[in-house]
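Take a look at the structure below.
In my numbering, the protein residues as written are 2 to 87.
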């Protein structure tokens with residue numbers, strides 16, 4: 002059985018690759034920006050309000066501990082996941 006690739010399927014494949022590449026570039030930029038901001042702050046403690054903690058907890062839970070530990074975060078993955086549990 003032969004599979005025929007239609008032009009619109011090829012277009013969608015190319016488009017998805019382009020979108021993925023741009024998303025990855027945006028993520029890499031934001032990680033670098035976050036690292037620079039952390040360098041500027043040094044060891045100063047960042048105080049977050051309840052809404053900010055909640056927003057980080059919701060997004061952090063979706064990423065999971067492993068991915069959180071790989072990216073530069075302003076708090077530890079354990080802290081983010083603890084906020085989510087609370």
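Even for Gly, the Cβ is constructed at its ideal location relative to N, Cα and C.
Residues near residue i by beta carbon distance below 7 Å, same chain, minus five either side
i	result
residue 5	none
residue 87	none
Contacts around residue i, its chain only, beta-carbon distance under 8 Å, and the 5 residues preceding and following it disregarded
i	result
residue 59	85
Buried/exposed call for residue i, threshold 16 Cβ in 10 Å
i	result
residue 81	buried
residue 15	exposed
Backbone secondary structure at residue i - three-state DSSP
i	result
residue 33	helix
residue 3	coil
residue 59	helix
residue 43	coil
residue 87	coil
Closer than 7 Å to chain B by CB, residue i
i	result
residue 55	The question asks about chain B, but that chain is absent: this structure has only one protein chain.
The alpha helix (DSSP H) enclosing residue i, as first and last residue numbers
i	result
residue 49	First-last for residue 49: undefined, no H or E at that position.
residue 77	No alpha helix (DSSP H) contains residue 77, which DSSP labels as neither H nor E.
Through-space distance from residue j to residue i, alpha-carbon basis
i	j	result
residue 25	residue 69	16 Å
residue 51	residue 3	57 Å
residue 7	residue 13	10 Å
residue 56	residue 77	15 Å
Own chain residues within Cβ distance below 6 Å of residue i, not counting five before or after
i	result
residue 54	84
residue 61	69, 81
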